Amino acid sequence: MNVSTAAKSKSPPRIVLDTNVLYAGLYSASGKSHQLLRAIASGQVRIALSTPLLFEYEDVLKRHHPELGLSDAQVDVVLDNLCTQAAFQSVYFLWRPCLPDAKDDMVLELAVAAQVPHIVTFNAKDFRPAVRFGIDVITPKTMLLELI
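Residues in the sequence shown are numbered from 74 upward in steps of one, following this note's numbering.
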């Protein structure tokens, strides 16, 4: 197998995408969050997703759809597209409370259950305990640098 074939067969990195990164990526097309969403859409990155996290995405995006310049129907299309790119994971074990915010606990629980190496967020401070589970908490910029 030559080098280019080996590179093509390498599976994309797996992450859990925090809601704040999804929101930022839809809010502005000029930032690293938007670039990360494009990398997800192109298959360069694979997200782990649970039903509760999908519902949180929907709640936040639909609540803020005017600021995003999206209709509810367009939010549904965004979420449908994310679902096609995602690896769905059931979460059977809960470690709550572990983090200051219960919604962050949901993200950490998904990351542990899906055995992903990274949570991508702008809220690293509140995810500090993730290191106990072997999960790095990184920004979209850091994730994009790992793709290079």
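We put the CB at the ideal spot given by N, CA and C, even for glycine. On a predicted model such as this, the values are computed, not experimentally measured, just so you know.
Mapping DSSP to helix, strand and coil, what is residue i?
i: I221; result: coil
i: D178; result: helix
i: A121; result: strand
i: A159; result: strand
i: L183; result: helix
i: A102; result: coil
i: H138; result: helix
i: L152; result: helix
Return the CA-CA distance between residue i and residue j, expressed in angstroms with no decimal places.
i: T78; j: R136; result: Reliability of the predicted coordinates at T78 is poor, the pLDDT of 43 falling under 50, and the value obtained from them is presented with this limitation in mind. Approximately 44 Å, taken between the alpha carbons.
i: T92; j: V204; result: 20 Å
i: L223; j: P85; result: Past the boundaries of the shown model lies residue 223; the chain is included only from 74 to 221, so the question cannot be answered.
i: F166; j: A186; result: 8 Å
Give the range of the alpha helix (DSSP H) segment to which residue i is assigned.
i: R87; result: Note, R87: premise wrong, no alpha helix (DSSP H); beta strand (DSSP E) at 87–90.
Quick one: give me the first and last residue of the beta strand (DSSP E) that residue i is part of.
i: V193; result: 191–193
i: I113; result: I113 -> not in any beta strand (DSSP E); alpha helix (DSSP H) instead, spanning 105–114.
i: D209; result: 209–211
Determine whether the Cβ of residue i lies closer than 8 Å to any Cβ atom of chain C.
i: A203; result: Protein chains in the displayed structure number just one, and chain C is not present.
Query raised in the report: Is there contact here, the region 177–193 with the region 132–146, by at least three beta-carbon pairs under 8 Å?
Result: no
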